[in-house]
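Enquirer:
In the working numbering, the protein residues as written are 52 to 534.
(1) With a threshold of 16 other CB atoms inside 10 Å of the CB of residue 496, please say whether the residue is buried or exposed.
(2) Keeping to the same chain, check which residues put their C-beta closer than 6 Å to that of residue 80; ignore five residues upstream and five downstream.
(3) Tell me which residues share the same chain as residue 234 and place their Cβ nearer than 8 Å to its Cβ, disregarding the 5 neighbours each side in the sequence.
(4) Where does residue 428 fall in DSSP's three states?
(5) In its own chain, which residues sit with a C-beta less than 8 Å from the C-beta of residue 531, not counting the 5 before and 5 after it?
(6) Candidates 447, 178, 132: which alpha carbon is nearest residue 464's?
(7) I'd like to know whether the C-beta atoms of residue 420 and residue 450 end up nearer to each other than 8 Å.
(8) Leaving out the 5 sequence neighbours to the left and right, which residues in its chain are closer than 7 Å to residue 300 when beta-carbon positions are compared?
(9) Tell me, please, which residues DSSP counts as bridged to residue 317.
(10) Would you tell me roughly how many angstroms separate the C-alpha atoms of residue 513 and residue 177, rounded to the nearest one?
(11) With residue 178 as the anchor, note down where its beta strand (DSSP E) starts and where it stops.
(12) Could you check the C-alpha separation between residue 265 and residue 312 for me, to the nearest Å?
(13) In the DSSP assignment, the alpha helix (DSSP H) including residue 502 goes from what residue to what residue?
(14) Leaving out the 5 sequence neighbours to the left and right, which residues in its chain are closer than 6 Å to residue 356 when beta-carbon positions are compared?
(15) Using only the alpha-carbon positions, how far apart do residue 528 and residue 358 sit?
(16) Check for me: the beta strand (DSSP E) holding residue 210 runs from which residue to which?
(17) Got a sec, what are the start and stop residues for the beta strand (DSSP E) residue 364 sits in?
(18) Along the beta strand (DSSP E) that carries residue 385, what are the first and last residues, could you check?
(19) Which parts of the region 213-267 are runs of the beta strand (DSSP E), unbroken and 3 residues or longer, counting only runs that do not cross its ends?
(20) Which same chain residues end up closer than 6 Å to residue 64 when comparing Cβ atoms and leaving out the 5 residues on each side of it in sequence?
(21) Would you call residue 410 buried or exposed, if buried means 16 or more other Cβ atoms sit within 10 Å of its Cβ?
(22) By the DSSP assignment, the beta strand (DSSP E) with residue 531 in it spans what residues?
(23) Residue 526: buried (16+ other C-beta within 10 angstroms of its C-beta) or exposed?
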């Protein structure tokens, strides 16, 4: 009896399903779908390079299932591509959607080069035909032609500000060659891509038209996301992670002025001094920010930095290692990295390395004048000096606001001159999350600078006078009251 009952229930369920399978689809001309959006819009897409994937959802709020046919308005000639239920397609017929159910459509776009400098708009629609009704979701993408460099070695040339430059698989400025980049140029890097320099790099931005170096993902989510681009040098045994802008041994006379370098892994790396009386790199009026590792890494090199901000890095903001000669004036080093926990100090100094239990020690000379070195750790300075005096190691912090632990020894007046390091002496930056390191009116860095340094650098990163009131501020920015 029990077995007979179970069989009856199963037969009833099967018959019910069979009836539903043949009768569930509505033919009502008034039945319509609804959508999660009426427009899918892509941020700027570089021509020839595929976009990120966006999605939207369509719903059947009817009490019966529906069949709908879906297609791109542009058909097979469309720049857009659809993926429905895992199938890449431009059209699908009689797609079944159950009552009170929904489904996703994924959209990508690739835009062909148009040989124009200005951005272009590409449009299409996803069309839905349901019981004689036509509905649509608009697709909009903004395209931009680019100068594309793919795994290239280049000789002397100048990049002008007509359209962006896109780097794929890294680019190398050859020895005895110079790459000059004019004001306003935008340089974008794909993942695992970098600018390597054996020769010379001259970045000639201005306050009004800085040169920018960033990743090639332009969606809003990536605006401040670190880790988007970096170089990988490969040989037979190892893969070596390089700086986004990497100066190899022998490179010389490099200048980066008025640049914004952001959202990579390592921002700028300088390896060993070239054969020149000038610094390997002069970095001025520039911002390096949002790096998942190090902002500026210099090894056994000669670097001068002024009127610059190096900020918000997952490791050291600045690491000066294996000795060298370094000068920093009116520079703000601020590390408030929020994308992961950070354990390393904002600034590191080191003059040696140990290999197979043998130390190699290098001479080192470092000067910081009118600078800010701060962050959200208890201590933001580490000096890793080899314990013997095999090589000279001098460092001076003169008129600097610094974040130091209570136990940090600052008794050496040859190294620490007129520094501010009291726990209540705060820089009060405007917005560290947005990397806005201008000073609030109550900043402890206000009016604390030495005129000796400011006379050499009379204007700040934004072109404001430091000398107007006779009391220069520390760091890259002069506080302008009323801002």
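All C-beta atoms, glycine included, are put in the ideal place defined by N, C-alpha and C.
Expert: Let's see:
(1) Here residue 496 is buried. Its C-beta has 16 or more other C-beta atoms within 10 Å.
(2) In its chain, beyond the 5 residues on either side, 182, 183 have a beta carbon closer than 6 Å to the beta carbon of residue 80.
(3) Cβ neighbours of residue 234 beyond the five flanking positions: 212, 255, 256, 257, 259, 260, 261, 262, 309.
(4) Coil.
(5) Sequence-distant partners of residue 531 (beyond 5 residues in either direction) whose C-beta falls short of 8 Å from its own C-beta, in its chain, are 515.
(6) Among 447, 178, 132, the Cα nearest to that of residue 464 is on 447.
(7) Cβ atoms of residue 420 and residue 450: closer than 8 Å.
(8) So the qualifying residues of the chain are 322, 323.
(9) Under DSSP, residue 317 takes part in no beta bridge, so it has no partner.
(10) Distance between residue 513 and residue 177, taken at the CA atoms: about 47 Å.
(11) That run of the beta strand (DSSP E) goes 171-181.
(12) A direct Cα-to-Cα measurement between residue 265 and residue 312 gives close to 6 Å.
(13) Here the alpha helix (DSSP H) through residue 502 covers 502-505.
(14) Cβ within range, chain order: 334, 379, 382.
(15) Rounded to whole angstroms, residue 528 to residue 358 spans 8 Å at the Cα level.
(16) Element bounds for residue 210: 208-210.
(17) For residue 364, the enclosing beta strand (DSSP E) stretches over residues 360-364.
(18) Residue 385 -> beta strand (DSSP E) spans 383-386.
(19) With a minimum length of 3 residues, the continuous beta strand (DSSP E) runs that stay inside the region 213-267 are 216-224, 229-232, 237-240, 246-248, 251-255, 262-266.
(20) Reliability of the predicted coordinates at residue 64 is poor, the pLDDT of 42 falling under 50, and the value obtained from them is presented with this limitation in mind. Nothing meets the Cβ criterion.
(21) Taking all protein chains in view, the Cβ of residue 410 is surrounded by fewer than 16 other Cβ atoms within 10 Å, so the residue is classified as exposed.
(22) For residue 531, there is no enclosing beta strand (DSSP E), as DSSP marks it with neither H nor E.
(23) Classification of residue 526: buried, given that the 10 Å Cβ count is 16 or more.
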